[in-house]
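As you go down the protein sequences, you meet chains U and Y in turn. Every number in this note's numbering is 945 more than the matching position in the first sequence, counting from 1. Every number in this note's numbering is 44 more than the matching position in the second sequence, counting from 1. Cβ atoms here follow ideal geometry from the backbone N, Cα and C, with glycine treated the same way. Encoded as C-alpha cells, the structure appears first; notes follow it.
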Amino acid sequence: MNPSLKLALAVLIALEVSFTQVWTVNVALIAISLVLMLINHVTVKRFLWLTLVPLFFASALVWSLTLQGTASHHFLIVLFTRMFVYVYMGGLFTQTTDPLTLTRSLEQNAKLPAKFAYGFLAAFNLMPKIQAEVATIRAAALMRGQELHVWSPQLYFKVILAAMNWSDQLAAAMTSHGFVEGAPRTHAITVALRARDWWIFALSLVVIQVGLFIGLP
Amino acid sequence: MKSWHIRDIILVTILAIFMGVIFWIINPVYTILAAALAPFGLQPLANEIVLGIWVMAGPLAGFIIRIPGSATLGEFLGAAVEMFLGGIWGASTLISGAVQGLGAEIGFAATGYKRYNWVSLSISCLTTAIVTFTWDLFRSGYSAYHFGFLVMLFAVRCLSIFLFGGVLTKLITNLLARAHVLPNVSGK
C-alpha cells in the first residue's frame, strides 16, 4: 500500500478509536494487525516486546482506574484493548514502512514541499552521529567530574550548539550540491499511488464506520 | 514574520532527534517509576511526573527557532523519531506529538510570535498542559477518575511541564544568549 495513505489510515483509525468506545472493533483491529504482522514475518523478539510492554501499561491503567475512579467494566475493557490497537497498528506500520520511502511518498503523493522532505532526510541520516554526540558530551563532562542529567541545562546547551553547527553545514552542503528551495525537481525513484491503494483506504474506513456505529458493544 | 528555510528545517529536525535520544536514555526511569507506583493505582502519576521532559521539545524549539510552527514541528518530529527508533506506541505517538506541539504552539501564537520571555513561555507551558490533559481525558480514560484525583494529576502535570518546558528551557536559552548564538537564530 502507498506509504502516505497507509499513514493517513493508521492515524485516522487511531484517532477514531480514541474517541469511541466499541471494544469489539478494537479486538477486530488487533486481530487484523496481528495477522498482517505475521504475514510480514514479525520477529518473535519484536512481537514479545510489542505485547508485554503494553500488557503492563494497560493492566496498570485498568488497575488505577479501578482503585481511583468510577469506570464501568465496559469502559475498562475498551481502554485495555485500545492500548493494544495503538501498539499493534503502530508496530505494523513501522514494520512495513521504511522512513526513506515514506518521505519520498510524502513529497511525491502528498505534495510535501521538497525542502521539508530533504531537510528531514538529511537530519534523520545523522541519527547515529547524534546518538554518539550525546554519549560524547556526557563522557566529556564525566571526565571533568561533572555528571549531566536530563535536568542539566549544560547538556541541552551543548546539544543545541552541535545541532546549530550541523544544520549550517548540511544546509550549505545541500546548496552547494545544487539544491534550490522551491525549484521543480525530477525523481529518480517514483512512489506509485494506485487506484487499488485508494480502494483499500476507503473500504477500510467505511468498514470501521459501520463497525463503530452499528451498535456493537 | 520568518518563514521556513532548509537550514531551519534541518535544525528543528536535529533538535527533535536529540530530544528523542535524551528521552530514550531516561525511558527505563519511567518504566521503573510506573512499575513502582502501579500497585497503588498511581501509574498515571508516573506519566504526569515525566511528561514535562516528553513535551519539552515543543517549547524549546519554539523558543529557539522562533518561526511560526516550530514548536509543533519540533514536538511532532520528536514523536516521529521515537516511532522509528522503536517506540511502541506507533501511530498514536504521532497524534500525541502533534497534540503536545500544538499545545505549546498556542502559547507562542497568543503573543503573536513577538515576545519571547517568561510570559510567553509560561503561557505556552499552561496551554500545553491544558491541551494534553484534554487529550488524555479521552485517550487514556482520565474522565473516569474521581475529581480529586484528577485535580492532583493536573497539578503534577502543570508543575512538571513548567519545570522542564519553562524553567529548564529558560535556563538553556540564557546559556545560549550568553554564548551569543541566539541572535544568529532570531536576528536573520
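Inset, instruction - State the start and end residues of the unbroken alpha helix (DSSP H) segment that holds Lys158/Y. - result: Careful: Lys158/Y lies outside any alpha helix (DSSP H) and carries neither H nor E.
Inset, instruction - Select from Arg1139/U, Arg991/U, Ile1153/U and Leu957/U the residue whose C-alpha is nearest the C-alpha of Thr1039/U. - result: Arg991/U
Legend entry - N-terminal and C-terminal residue of the alpha helix (DSSP H) that Ser1050/U is part of: Pro1044 to Gln1053 is the extent of the alpha helix (DSSP H) around Ser1050/U.
Inset, instruction - To the nearest angstrom, report how far apart Val94/Y and Leu1161/U are at their CA atoms. - result: 37 Å
Legend entry - Top-ranked residue by Cα proximity to Ala124/Y, from Leu59/Y, Leu212/Y, Gly192/Y and Val200/Y: Nearest C-alpha to Ala124/Y among Leu59/Y, Leu212/Y, Gly192/Y and Val200/Y: Leu59/Y.
Legend entry - Candidates Met127/Y, Val56/Y, Gln144/Y and Ile70/Y, of which the one nearest Thr172/Y by Cα: Gln144/Y
Inset, instruction - Tell me where the alpha helix (DSSP H) around Ser1112/U begins and ends. - result: Pro1098 to Ser1121
Legend entry - Glu92/Y versus Pro1129/U - alpha carbon distance: 46 Å
Inset, instruction - Kindly list the residues whose CB is nearer than 7 Å to the CB of Ile1145/U, restricted to its own chain and excluding five residues on each side of it in sequence; keep chain order. - result: Met946
Inset, instruction - Pick helix, strand or coil for Gly85/Y, following the three-state DSSP scheme. - result: If DSSP states are grouped into helix, strand and coil, Gly85/Y belongs with coil.
Inset, instruction - Quick one: residues in its chain with C-beta nearer than 6 Å to the C-beta of Ile1082/U, no 5 flanking neighbours on either side, listed in chain order? - result: Lys1103
Inset, instruction - Measure the C-alpha to C-alpha separation of Gly209/Y and Met127/Y and round it to an integer number of angstroms. - result: 22 Å
Legend entry - Straight-line Cα distance separating Phe1025/U from His1132/U: His1132/U and Phe1025/U have their C-alpha atoms roughly 44 Å apart.
Inset, instruction - Please report the residue range of the alpha helix (DSSP H) in which Glu119/Y lies. - result: Ser114 to Leu129
Inset, instruction - Show which residues of chain U have a CB atom less than 7 Å away from the CB atom of Ala188/Y. - result: Chain U residues near Ala188/Y: Leu1010, Gly1014, Thr1015, Ala1016 and Phe1020.
Legend entry - Boundaries (first-last residue) of the alpha helix (DSSP H) holding Ser166/Y: In the DSSP assignment, Ser166/Y falls within the unbroken alpha helix (DSSP H) covering Trp162 to Arg183.
Inset, instruction - Check the DSSP bridge columns for Tyr1031/U and list the partner residues they point to. - result: In DSSP, Tyr1031/U forms no bridge with anything.
Legend entry - Gly1036/U: contacting residues in chain Y (beta-carbon distance under 8 Å): Result: Ile132 and Gly134.
Inset, instruction - Use the C-beta contact count for Ala90/Y: other C-beta atoms within 10 angstroms, 16 or more gives buried, fewer gives exposed. - result: buried
Inset, instruction - Would you please state the rounded distance, in angstroms, between the beta carbons of Leu226/Y and Thr217/Y? I believe it to be under 8 Å. - result: 7 Å
Legend entry - Residues, ordered as in the chain, of the stretch 1111 to 1137 of chain U that lie near chain Y by beta-carbon distance below 8 Å: Trp1111, Ser1112, Asp1113, Leu1115, Ala1116, Met1119, Thr1120, Phe1124 and Glu1126
Legend entry - Reduced DSSP secondary structure (H/G/I, E/B, other) of Gly1014/U: strand
Inset, instruction - Please list, in chain order, all residues of the same chain as Leu77/Y whose beta carbon is under 6 Å from its beta carbon, the five residues on each side excluded. - result: For Leu77/Y, where only same-chain residues beyond five positions count, the Cβ hits under 6 Å are Ala90.
Legend entry - With 16 other Cβ atoms within 10 Å as the buried cut-off, status of Gln87/Y: buried
Legend entry - Beta-carbon gap between Ser204/Y and Gly96/Y smaller than 9 Å: Their beta carbons are under 9 Å apart, which means Ser204/Y touches Gly96/Y by this criterion.
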